[in-house]
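**Q**
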Amino acid sequence: MDYKNIKYEMRDRIGIITLNRSDRLNAINDVMIDELDDLLRKIETDLDAKVLIIKGAGKSFSAGQDLSGNVSSTIMASPPGTPGSAKELLEAQRRRSRRWEYIFNYPKPTIAQVHGHCIGAGCYLAMVCDLVIASEDALFGDPALRMGLTSAMPLWTWLVGDKKARELVFLGRNVNGREAEQIGLINMAVPASRLEQEAIRYAKAISICPGDGMVLCKESINANLEARGVGAAWRFLDDMQLINQQQPFGPCEFNFFEVRNKKGLEAALQERDKPFKDLGF
Amino acid sequence: MPTFEDRNLDLIKWHTQYQKNQCEEAYEKMVSEGREYRAIIYEKKGRIAKISLNRPEKSNALNDALYCDLLAGLGEAARDDDVRVVVIKGAGRSFCAGHDLSSPPGDESPPIDPKYHPTVRDFFQFERRRCQKYEDIINCPKATIAQVHGYCIGAGEGIQASCDITIAAEDAQFGTRGFDRLTMGITAMGGTGAPHVWPGGSERYRAFRILPEISGEDAAELSLINKAVPADRLEEEVDRWAKALSLIPNERFAIAKESINSTLDITGLGNAFRNHYNIHLAIQFVRFRSDETNLYKTRRDKGLKGFVQTRSMHATPTLKDDSK
Numbered sequence: 124m125d126y127k128n129i130k131y132e133m134r135d136r137i138g139i140i141t142l143n144r145s146d147r148l149n150a151i152n153d154v155m156i157d158e159l160d161d162l163l164r165k166i167e168t169d170l171d172a173k174v175l176i177i178k179g180a181g182k183s184f185s186a187g188q189d190l191s192g193n194v195s196s197t198i199m200a201s202p203p204g205t206p207g208s209a210k211e212l213l214e215a216q217r218r219r220s221r222r223w224e225y226i227f228n229y230p231k232p233t234i235a236q237v238h239g240h241c242i243g244a245g246c247y248l249a250m251v252c253d254l255v256i257a258s259e260d261a262l263f264g265d266p267a268l269r270m271g272l273t274s275a276m277p278l279w280t281w282l283v284g285d286k287k288a289r290e291l292v293f294l295g296r297n298v299n300g301r302e303a304e305q306i307g308l309i310n311m312a313v314p315a316s317r318l319e320q321e322a323i324r325y326a327k328a329i330s331i332c333p334g335d336g337m338v339l340c341k342e343s344i345n346a347n348l349e350a351r352g353v354g355a356a357w358r359f360l361d362d363m364q365l366i367n368q369q370q371p372f373g374p375c376e377f378n379f380f381e382v383r384n385k386k387g388l389e390a391a392l393q394e395r396d397k398p399f400k401d402l403g404f
Numbered sequence: 610m611p612t613f614e615d616r617n618l619d620l621i622k623w624h625t626q627y628q629k630n631q632c633e634e635a636y637e638k639m640v641s642e643g644r645e646y647r648a649i650i651y652e653k654k655g656r657i658a659k660i661s662l663n664r665p666e667k668s669n670a671l672n673d674a675l676y677c678d679l680l681a682g683l684g685e686a687a688r689d690d691d692v693r694v695v696v697i698k699g700a701g702r703s704f705c706a707g708h709d710l711s712s713p714p715g716d717e718s719p720p721i722d723p724k725y726h727p728t729v730r731d732f733f734q735f736e737r738r739r740c741q742k743y744e745d746i747i748n749c750p751k752a753t754i755a756q757v758h759g760y761c762i763g764a765g766e767g768i769q770a771s772c773d774i775t776i777a778a779e780d781a782q783f784g785t786r787g788f789d790r791l792t793m794g795i796t797a798m799g800g801t802g803a804p805h806v807w808p809g810g811s812e813r814y815r816a817f818r819i820l821p822e823i824s825g826e827d828a829a830e831l832s833l834i835n836k837a838v839p840a841d842r843l844e845e846e847v848d849r850w851a852k853a854l855s856l857i858p859n860e861r862f863a864i865a866k867e868s869i870n871s872t873l874d875i876t877g878l879g880n881a882f883r884n885h886y887n888i889h890l891a892i893q894f895v896r897f898r899s900d901e902t903n904l905y906k907t908r909r910d911k912g913l914k915g916f917v918q919t920r921s922m923h924a925t926p927t928l929k930d931d932s933k
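Residue numbers (our numbering), protein chains in the order written: chain E, 124 to 404; chain D, 610 to 933.
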């Protein structure tokens, strides 16, 4: 299987998917998400791949959606105020959510092996995996609201509880691996030097279990979460995304996309985060 | 499509009648009566409004006047387009000691006195009104921060839980007294974030289920609140959070808040409130053994201080004597 932005290899019944756009901190663009989708569909029936590890090449797991505006209309919600019919906007949003839900309900156990940045859509990707093992200095966060977008990930409330969900979503604050473990966002934080070996150790332990039984275990846990409303929450947040896209930027509101088009991505990111950084967030 | 500018209230006034929540109702009533706040202090600095519960001699225990003013303050902040963040804090030694159990019978703030023998129909409507106050705080469209120091007990815990963010002094004391928290819908949803989303048996669930009181530091460690800091740094820390939240425009924030609130609903918040009514109703019929503390009887016989003393011996034997 020949992909441009991801790599796939099999090692001892462990399927290892590497996000491979290291020059862009593995920012997820349309090509990458399509390839990931395609790969997952192809190996769904491969009974030898008993567990998947998803990791990032280079310095980071993934810095999030590709915000450059190139080849990212599928992964990125269009900026607030973009003209479009409700039908189009909603369907596009549903397709985005269905991709996360597909990985969330994927019929194999999945492990995210996280180092460096794990932000925005990168963080969503880790959150929909069954286990997350991260280096202590990895950075998790969801800065959508800082750009006038809203978080499209309902799992925050279920994973970290109400107060922390509000803190992370409203402030776009990043937490490191250690804090992420403490608040229940991930399973375990380990020193960076041990990350790879820990992820493999977990994967091997899972790969010993009967694959068919594992699918049923996962199904029962996911059914439990579904019964506690996760399915309804995806749907509700899709609708909220639509509402948000219909609200154009206000006259005094920081318009990330306009700044990006004028001054470039780097400047826009700096302008986005500076007032929060100045306050220590 | 209406544009952002159209909705600038200087240009267009909202003419349509809509169902007002109790915050707006309380504020409008106060304005129409031409009176000032009696039980809170309302201050506004730029985009941040601060509401201080101001009954320090009673540790800010909630009676009807205080509750009414708190809601009115939130109503004023919600209406004010300049305000983006509301901080709720307590004057004096504590944030809030819970319901004022010395309120006169007939007040709606503490649970209804059994001697009223309400019909079940009236009781449910009465409870709906009481619980709606918490829901109205949750649905306040502005960012809300609870700044907690000293005691944060019972209904006080409910108020901080209904805020978006809670920052507490490390030595603050959260909890409920005399009841199991899980039977109280509101504290069940909130004292701890959202325990019903956490699996039974997990550490967080257990901590909240079993411990009658926990410190600010422990609450932060369990993610039940956002952060605990030394008491002398509390104000400064809250200001930092308030400033950061005030960077987000009102309209955009309202959408994000509605999204998060929706997930709480989906995890069963509405049902937790209804459960809260039922438990209050059931409590009307509780029979007390002779070695148990009956609020109404003990208060009649020994006065409120006598009740608090007796309760602290019976309900939470490990605690220090409150009467000192």
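C-beta atoms are modelled at their ideal positions from N, C-alpha and C, and glycine is treated no differently.
(1) At least one CB of chain D closer than 8 Å to the CB of residue 178/E: is that the case?
(2) Residues in its own chain within less than 6 Å of residue 235/E by CB, not counting five upstream and five downstream?
(3) How big is the Cα-Cα spacing for residue 131/E and residue 202/E?
(4) Any beta carbon of chain E sitting closer than 8 Å to that of residue 880/D?
(5) How long is the line joining the alpha carbons of residue 864/D and residue 266/E, rounded to whole angstroms?
(6) Can a CB atom of chain D be found closer than 8 Å to the CB of residue 366/E?
(7) How would you call residue 663/D, buried or exposed, if buried means at least 16 neighbouring beta carbons within 10 angstroms?
(8) Could you tell me the distance, in whole angstroms, from the CA atom of residue 173/E to the CA atom of residue 162/E?
(9) What three-state label does DSSP hand residue 198/E in the structure shown?
(10) Suppose you measure from the CA of residue 279/E to the CA of residue 644/D; what does that come to, to the nearest Å?
(11) Touch check for the segment 751-764 of chain D and the segment 724-737 of chain D: three-plus C-beta pairs under 8 Å?
(12) Using a 10 Å radius around the Cβ and a threshold of 16 neighbouring Cβ atoms, would you call residue 393/E buried or exposed?
(13) Return the chain-ordered list of same chain residues with a C-beta closer than 6 Å to the C-beta of residue 300/E, the five sequence neighbours on each side being excluded.
(14) For residue 264/E and residue 237/E, which I take to be in contact (beta-carbon distance under 8 Å), what is that distance rounded to the nearest angstrom?
(15) Just to confirm, is the Cβ distance from residue 919/D to residue 906/D under 8 Å?
(16) Are the CB atoms of residue 750/D and residue 700/D within a distance shorter than 8 Å?
(17) Kindly list the residues whose CB is nearer than 8 Å to the CB of residue 669/D, restricted to its own chain and excluding five residues on each side of it in sequence; keep chain order.
(18) Check the Cβ-Cβ distances between residue 835/D and every residue of chain E, and say whether any is below 8 Å.
(19) Rounded to a whole number of angstroms, what is the C-alpha to C-alpha distance between residue 341/E and residue 295/E?
(20) With a threshold of 8 Å between beta carbons, is residue 171/E in contact with chain D?
(21) Using a C-beta to C-beta distance shorter than 8 Å, which residues of chain D count as neighbours of residue 370/E?
(22) At the 8 Å Cβ level, is residue 824/D part of the contact set with chain E, yes or no?
(23) Can you tell me which residues form a DSSP beta bridge with residue 726/D?
(24) List, in chain order, every chain E residue whose beta-carbon is nearer than 7 Å to that of residue 773/D.
(25) Output, in chain order, the set of chain D residues within a Cβ distance shorter than 7 Å of residue 363/E.
(26) In this structure, does DSSP put residue 761/D in helix, strand or coil?
(27) So the candidates are 319/E, 160/E, 388/E, 199/E; which of them puts its Cα closest to the Cα of residue 124/E?
(28) Closest to residue 151/E by C-alpha separation, out of 223/E, 207/E, 138/E, 208/E, would be which residue?
**A** Looking at the atomic coordinates:
(1) Position 55 of the first sequence, counted from the start, is the residue given in the question as residue 178/E. It does not; no Cβ of chain D falls within 8 Å.
(2) Here residue 235/E corresponds to residue number 112 of the first sequence, with the count starting at 1. So the list reads 177, 249, 252, 255, once near-sequence residues are dropped.
(3) The residue labelled residue 131/E in the question sits at position 8 within the first sequence. The residue labelled residue 202/E in the question sits at position 79 within the first sequence. If you take the alpha carbons of residue 131/E and residue 202/E, they lie about 33 Å apart.
(4) What you label residue 880/D is simply residue 271 of the second sequence in a count that begins at 1. No, its Cβ sits nowhere closer than 8 Å to a Cβ of chain E.
(5) The sequence position of residue 864/D within the second sequence is 255, counting from 1. The sequence position of residue 266/E within the first sequence is 143, counting from 1. Taking the straight line from one Cα to the other gives about 15 Å.
(6) Position 243 of the first sequence, counted from the first residue, corresponds to residue 366/E. Among the residues facing chain D, residue 366/E is included, as its CB has a counterpart in that chain under 8 Å away.
(7) The sequence position of residue 663/D within the second sequence is 54, counting from 1. Label assigned to residue 663/D: buried.
(8) Reading the first sequence from its first residue, position 50 is the one you call residue 173/E. Reading the first sequence from its first residue, position 39 is the one you call residue 162/E. Distance between the alpha carbons of residue 173/E and residue 162/E: 15 Å.
(9) By 1-based counting over the first sequence, the position of residue 198/E is 75. Residue state, collapsed to three classes: coil.
(10) Indexing the first sequence from 1 puts residue 279/E at position 156. Indexing the second sequence from 1 puts residue 644/D at position 35. A straight-line Cα-Cα distance of about 43 Å links residue 279/E and residue 644/D.
(11) no
(12) Within the first sequence, numbered from 1, the residue matching residue 393/E stands at position 270. Exposed: under 16 other Cβ atoms inside 10 Å.
(13) By 1-based counting over the first sequence, the position of residue 300/E is 177. Counting only Cβ-Cβ distances below 6 Å, and skipping sequence neighbours, we find 257, 258, 259, 261, 312.
(14) The residue given as residue 264/E occupies position 141 in the first sequence. The residue given as residue 237/E occupies position 114 in the first sequence. With a Cβ gap of about 12 Å, residue 264/E and residue 237/E do not count as contacting.
(15) As a position in the second sequence, residue 919/D is number 310, starting the count at 1. As a position in the second sequence, residue 906/D is number 297, starting the count at 1. Against a cut-off of 8 Å, the Cβ pair of residue 906/D and residue 919/D comes out as no contact.
(16) Against the second sequence, residue 700/D aligns to sequence position 91. Against the second sequence, residue 750/D aligns to sequence position 141. Taking 8 Å as the Cβ cut-off, residue 700/D and residue 750/D do not qualify as a contacting pair.
(17) Working through the second sequence from its first residue, we reach residue 669/D at position 60. Counting only Cβ-Cβ distances below 8 Å, and skipping sequence neighbours, we find 662, 663, 675, 699, 700, 701, 703, 704, 705, 706, 765.
(18) Locating residue 835/D in the second sequence gives position 226, where the first residue counts as 1. True, the Cβ-Cβ gap to chain E drops below 8 Å.
(19) Here residue 341/E is taken as the residue at index 218 of the first sequence, counted from 1. Here residue 295/E is taken as the residue at index 172 of the first sequence, counted from 1. Roughly 30 Å between the two C-alpha positions.
(20) Sequence index remark: in the first sequence, residue 171/E carries index 48 (1-based). With 8 Å as the cut-off, residue 171/E does not count as an interface residue toward chain D.
(21) Here residue 370/E refers to the residue found at position 247 of the first sequence. Simply 613, 860, 861, 864.
(22) If you number the second sequence from 1, residue 824/D lands on position 215. Chain E, which has no Cβ nearer than 8 Å to the Cβ of residue 824/D, makes this no.
(23) Translated into the one-based positions of the second sequence, residue 726/D becomes position 117. Its beta-bridge partners do not exist; DSSP assigns none.
(24) Numbered from its first residue, the second sequence carries residue 773/D at position 164. Here the neighbours are 289, 293.
(25) Against the first sequence, residue 363/E aligns to sequence position 240. Near residue 363/E (Cβ distances below 7 Å), the residues of chain D are 864, 867, 868.
(26) Translated into positions along the second sequence, residue 761/D becomes position 152. Taken through DSSP and simplified to helix, strand or coil, residue 761/D comes out as strand.
(27) For the purposes of this step, residue 124/E is identified with residue 1 of the first sequence, where counting begins at 1. It is 160/E.
(28) Position 28 of the first sequence, counted from the start, is the residue given in the question as residue 151/E. Of the candidates 223/E, 207/E, 138/E, 208/E, the one whose C-alpha sits nearest the C-alpha of residue 151/E is 223/E.
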